[in-house]
Amino acid sequence: MSRKIKLIWDFRGPASAKTAEHHEIHLKEYIVIEKLPLNITGFKVINEMQAIAFMVVTDENMIPVRDALKPHRGEVFEE
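In the working numbering, the protein residues as written are 207 to 285.
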């Protein structure tokens, strides 16, 4: 079984929560268009000035998705 990688986009500023929420919509669209095997996305508000959007990909898909979408960082995803 391959590892799952969580790709993360960071947003800062007073509009960070809304921006992260909106970015998740585009991540979901990308998953459908590219027919990726995993459909795990989300956003999380860290505080009033910081939020993240994320998607989870398999190890095999990480490089092409990373190159196409340019996340700010990534980490191993554990359920």
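Ideal placement from N, C-alpha and C gives every residue a C-beta, glycine not left out. A quick note: this is a predicted structure, and the numbers were derived from the prediction, not measured.
Taking every protein chain shown into account, the CB of P277 has 16 or more other CB atoms within 10 angstroms, so this residue is buried. Taking C-beta atoms as the reference points, I211 and M268 count as a pair closer than 8 angstroms.
DSSP lists no beta-bridge partner residue for E240. In terms of Cα proximity to I258, the closest of R209, P220 and E227 is E227.
Looking at the backbone, the Cα of I246 and that of M261 are separated by about 6 angstroms.
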